[in-house]
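J.: Chains as they are written, first to last, in the numbering used here: chain C, 241 to 808; chain Y, 49 to 210.
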């Protein structure tokens, strides 16, 4: 007899996601992923000036502001067949990379580590032993006794004061929690340190973006950062040096703390390297353009089928037809109607809502279901790392090997690349990406400084809009995976706009052929110790880092509030 | 003495923009001293930790849902603050409670927090607020200014050129 478990909403994510699973014999037999908000940002953009689209699309979501801004200008630039000055590419790349590293640190420590780390168990730890463990794992200066004792005291203070705050909703004492008190304490110490470190990444974005959380410096055709080495109000040597300082601090944390912690979680939860595999078609787009046209990239991307790295086919340039011709979206199981049957290409995309209630075998989500050449595809850090490995990307190879070696040493058994196709693998891939990206940050910084040194201060090419209809796609390998914006422009005004976002690829409902999406497929056969506390489901879903606010949009829900407020 | 006036909300959901627009109004109508920072927080989260650390005073401007008629202005302060965030009276915010909880862990919580809210009418997709709410935006900004003035922050009204 199977038991239906509904988790609504999934917590510690941005947006509103519902997951349903049928559990039988202690394992998940069927799963449904349902976006509970509908998105209509596309409708707002119709008829507007394409040069304004980036500022509006970056308001779709609280987490991914910069990624939509970047992708939007790339779409319009692609439609106009524009080149972007080298300085503008480098400045955008620095913003992209700093944002990505920020996002990955926050995701692991603040949004998903609590699925693996038992905060209350950390209270039982011996701080000195935790310090000894930390010091044996890496050269990070804050693994010392003083820091571990301080963390222990602070945690005691919180728990005794009854203010668990952010830690309130954890599954403390759950049978699936396996870390020793000392490892838990070390993780809590790093959780707090990560709160400090993430600020550094954000400072890079705010110096270059002129403002956070919503950057102001992007423009169709380049960036609005005047460069002058001797003026206070623009990008100066002083500001560039400050950025370099932040990059170095981030690099230390990512390589000596984040990468090690992920490897430790992987080693102590080795069973989770065999759980959560799901869809093994992996799609990633290339990013970090190194030329004005977008034909050379520091991060390669492409498509891998069936988990077989030798099937890798690269996406080579901005606007590469291999990518643009492959994407379609189905609404067979989504709360929309198309004017005719079958899946639609984003240029022809339609956004007509048709809410039917949750129907297991029919429509049950506000998310559409995208495919690549008719195939369901996983996007995100794992897809990115596997595609980069398939492309022979040396930095990725270096950090992936280092991570797997640390896991192997801690687990005292050889752990290979196969282990990556899993829930833990997605976390590991995210950390590997972060390590690759902090090095790239330093690389882009040097490239920018060197180019300015040559006397090039150009940051903007003015766009020209033709009278006739043009269309373009912008893509970006965002932290959660391949993001694309598709724009049709007629006489300088937006005629159609569609965003195909990473969480749509991963959290989508069943497609035209009724195949489950990546979230749904990854949950099949997951062991569930206690159907009342489905921590295991959360672990796998969180490993994708759901961010649903842009995949769908806000629904109005009456909140039953007990508090009284007074009018003023 | 350091204060932040934070406008939160999603400007593409009609009345949800009220907090952000009120911050813009505050900046337009008042000349703020260096000790007061006005922030358009949008719907963001952890990026705000830096600016919200170790404040003496935080004012959050937002739309609220309390069941009162649209346009009603609401002040929430003191003991009601934790309850306010726990109940997510603010319709969109997952992020801000997390930011405050993180500040608590970092021992960097603002010494005092006041939420000034306006009851919304529509959260439909759109860049324009409904007229009833748009009318209240300057009032919301003035309330924020009064809170600051009461606590000794030196705001100066900007003389409007007709």
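Note that CB positions come from ideal geometry on N, CA and C, so glycine has one too.
What does residue 299 of chain C touch in chain Y if you count any residue whose Cβ is under 8 Å from its own?
T.: Your numbering for residue 299 of chain C matches position 59 in the first chain. Simply 58, 59, 60, 90 and 91.
J.: I'd like to check one pair, residue 447 of chain C with residue 781 of chain C: are the Cβ atoms closer than 8 Å?
T.: As a position in the first chain, residue 781 of chain C is number 541, starting the count at 1. As a position in the first chain, residue 447 of chain C is number 207, starting the count at 1. No. Outside cutoff.
J.: So, residue 624 of chain C versus residue 545 of chain C, is the Cβ gap smaller than 8 Å?
T.: On the first chain, residue 624 of chain C is found 384 positions in, with the first residue counted as 1. On the first chain, residue 545 of chain C is found 305 positions in, with the first residue counted as 1. Going by C-beta atoms, residue 624 of chain C is not nearer than 8 Å to residue 545 of chain C.
J.: With a cut-off of 8 Å on the beta carbons, I'd call residue 491 of chain C and residue 678 of chain C a contact; round off their distance for me.
T.: What you label residue 491 of chain C is simply residue 251 of the first chain in a count that begins at 1. What you label residue 678 of chain C is simply residue 438 of the first chain in a count that begins at 1. Right, their Cβ atoms sit about 4 Å apart.
J.: Go ahead and label residue 204 of chain Y buried or exposed: buried means 16 or more other beta carbons lie within 10 angstroms of its beta carbon, across all protein chains shown.
T.: If you number the second chain from 1, residue 204 of chain Y lands on position 156. With fewer than 16 Cβ atoms within 10 Å of its Cβ, residue 204 of chain Y is classed as exposed.
J.: On the DSSP letters alone, give me the boundaries of the beta strand (DSSP E) that residue 264 of chain C sits inside.
T.: Taking the first chain and counting its residues from 1, the one referred to as residue 264 of chain C is at position 24. Here the beta strand (DSSP E) through residue 264 of chain C covers 257–264.
J.: Run through DSSP, which three-state label would residue 611 of chain C get?
T.: For this step, residue 611 of chain C is matched to residue 371 along the first chain. Strand.
J.: I'd like the list of long-range same chain contacts for residue 712 of chain C, defined as Cβ closer than 6 Å, with 5 residues on each side in sequence excluded.
T.: Here residue 712 of chain C corresponds to residue number 472 of the first chain, with the count starting at 1. So the list reads 315, 318, 319 and 727, once near-sequence residues are dropped.
J.: I'd like to check one pair, residue 324 of chain C with residue 462 of chain C: are the Cβ atoms closer than 8 Å?
T.: Counting from 1 along the first chain, the entry for residue 462 of chain C is found at position 222. Counting from 1 along the first chain, the entry for residue 324 of chain C is found at position 84. Yes, Cβ-Cβ distance for residue 462 of chain C and residue 324 of chain C is below 8 Å.
J.: Starting from residue 250 of chain C, find everything on chain Y with Cβ-Cβ shorter than 7 Å and list it in chain order.
T.: Numbered from 1 along the first chain, position 10 holds the residue referred to as residue 250 of chain C. Correct list: empty, because the minimum Cβ distance to chain Y is about 11 Å.
J.: Which first and last residues belong to the beta strand (DSSP E) in which residue 412 of chain C is found?
T.: On the first chain, position 172 is the one that residue 412 of chain C refers to. Run containing residue 412 of chain C: none; DSSP gives neither H nor E here.
J.: Taking 8 Å as the CB-CB limit, is residue 591 of chain C close to chain Y?
T.: The count along the first chain starts at 1 and reaches residue 591 of chain C at position 351. Taking Cβ atoms only, chain Y never reaches closer than 8 Å to residue 591 of chain C, which makes this a no.
J.: I need the DSSP call for residue 639 of chain C, collapsed to helix, strand or coil.
T.: To locate residue 639 of chain C, count along the first chain from 1; it is residue 399. It is helical.
J.: Grouping DSSP H, G and I as helix and E and B as strand, with all else coil, what is residue 580 of chain C?
T.: Start at 1 with the first residue of the first chain, and residue 580 of chain C comes out as number 340. Reduced to three states, the DSSP call for residue 580 of chain C is coil.
J.: So for residue 161 of chain Y, helix, strand or coil by DSSP?
T.: Reading the second chain from its first residue, position 113 is the one you call residue 161 of chain Y. Strand at residue 161 of chain Y.
J.: Let me know the secondary structure DSSP gives residue 553 of chain C once reduced to three states.
T.: Start at 1 with the first residue of the first chain, and residue 553 of chain C comes out as number 313. Three-state DSSP puts residue 553 of chain C in a strand.
J.: Taking residue 432 of chain C as the query, report the chain Y residues whose CB atoms sit under 8 Å from its CB, ordered along the chain.
T.: If you number the first chain from 1, residue 432 of chain C lands on position 192. The contacting residues are 153 and 154.
J.: So, does the CB of residue 184 of chain Y fall closer than 8 Å to a CB anywhere in chain C?
T.: One-based indexing of the second chain puts residue 184 of chain Y at position 136. It does not: the Cβ of residue 184 of chain Y has no partner Cβ on chain C nearer than 8 Å.
J.: For residue 167 of chain Y and residue 74 of chain Y, what's the separation of their Cα atoms in angstroms?
T.: By 1-based counting over the second chain, the position of residue 167 of chain Y is 119. By 1-based counting over the second chain, the position of residue 74 of chain Y is 26. Each residue's alpha carbon lies about 19 Å from the other.
J.: Tell me whether residue 680 of chain C sits in a helix, a strand or coil according to DSSP, three-state version.
T.: Against the first chain, residue 680 of chain C aligns to sequence position 440. Helix at residue 680 of chain C.
J.: Below 8 Å CB to CB, which residues in the same chain sit around residue 559 of chain C once its five sequence neighbours on both sides are set aside?
T.: To locate residue 559 of chain C, count along the first chain from 1; it is residue 319. Excluding residues within five positions, the ones whose Cβ falls inside 8 Å are 318, 534, 712 and 713.
J.: My assumption, with CB atoms under 8 Å, is that residue 745 of chain C sits in contact with residue 761 of chain C. Please give the rounded CB distance.
T.: Looking up residue 745 of chain C in the first chain gives position 505. Looking up residue 761 of chain C in the first chain gives position 521. About 12 Å separates the two Cβ atoms, so there is no contact after all.
J.: Taking the alpha-carbon positions, what's the residue 615 of chain C to residue 521 of chain C distance?
T.: Counted from its first residue, the first chain places residue 615 of chain C at position 375. Counted from its first residue, the first chain places residue 521 of chain C at position 281. Approximately 8 Å between the Cα atoms of the pair.
J.: Looking at residue 682 of chain C and residue 487 of chain C, is the spacing between their C-beta atoms short of 8 Å?
T.: Working through the first chain from its first residue, we reach residue 487 of chain C at position 247. Working through the first chain from its first residue, we reach residue 682 of chain C at position 442. Yes, these two residues count as a Cβ contact at 8 Å.
J.: Would you mind working out which of C:361, C:384 and C:364 sits nearest residue 372 of chain C, comparing C-alpha positions?
T.: Along the first chain, one-based indexing puts residue 372 of chain C at 132. Ranking C:361, C:384 and C:364 by Cα distance to residue 372 of chain C puts C:384 first.
J.: Between the C-alpha atoms of residue 505 of chain C and residue 282 of chain C, what's the straight-line distance to the nearest angstrom?
T.: In the first chain, counting from the first residue as 1, residue 505 of chain C sits at position 265. In the first chain, counting from the first residue as 1, residue 282 of chain C sits at position 42. Distance between the alpha carbons of residue 505 of chain C and residue 282 of chain C is about 40 Å.
J.: Kindly indicate which residue of C:340, C:764, C:256 and C:785 has the alpha-carbon position closest to the one of residue 680 of chain C.
T.: The count along the first chain starts at 1 and reaches residue 680 of chain C at position 440. The option with the nearest alpha carbon to residue 680 of chain C is C:340.
J.: With DSSP as the reference, label residue 91 of chain Y as helix, strand or coil.
T.: Indexing the second chain from 1 puts residue 91 of chain Y at position 43. Coil.
J.: I want to see whether chain Y comes within less than 8 Å of residue 438 of chain C, judged by CB atoms only; does it?
T.: Counting from 1 along the first chain, the entry for residue 438 of chain C is found at position 198. It does: the Cβ of residue 438 of chain C has a partner Cβ on chain Y nearer than 8 Å.
J.: Compute the Euclidean distance between the alpha carbons of residue 129 of chain Y and residue 276 of chain C, then round it to the nearest angstrom.
T.: The residue you call residue 129 of chain Y lines up with position 81 of the second chain. The residue you call residue 276 of chain C lines up with position 36 of the first chain. So the two alpha carbons sit approximately 28 Å from each other.
J.: Output, in sequence order along the chain, the residues in the segment 155–173 of chain Y whose CB is closer than 7 Å to any CB in chain C.
T.: Per Cβ criterion, the list reads 171 and 173.
J.: For residue 543 of chain C, which three-state DSSP category applies?
T.: Start at 1 with the first residue of the first chain, and residue 543 of chain C comes out as number 303. Looking at residue 543 of chain C - three-state DSSP - the assignment turns out to be strand.
J.: Looking at the strands, I want to know which residues DSSP matches up with residue 618 of chain C.
T.: Along the first chain, read from residue 1 onward, the residue named residue 618 of chain C stands at position 378. BP columns for residue 618 of chain C point to C:522.
J.: Please determine if the segment 633–652 of chain C and the segment 687–704 of chain C are in contact, where contact requires at least 3 C-beta pairs separated by less than 8 Å.
T.: No, they do not touch.
J.: Helix, strand or coil for residue 604 of chain C, going by three-state DSSP, please let me know.
T.: Taking the first chain and counting its residues from 1, the one referred to as residue 604 of chain C is at position 364. The answer is coil: DSSP assigns residue 604 of chain C none of H, G, I, E or B.
J.: Quick check on DSSP: helix, strand or coil for residue 598 of chain C?
T.: Start at 1 with the first residue of the first chain, and residue 598 of chain C comes out as number 358. Of the three classes helix, strand and coil, the one that applies to residue 598 of chain C here is coil, per DSSP.
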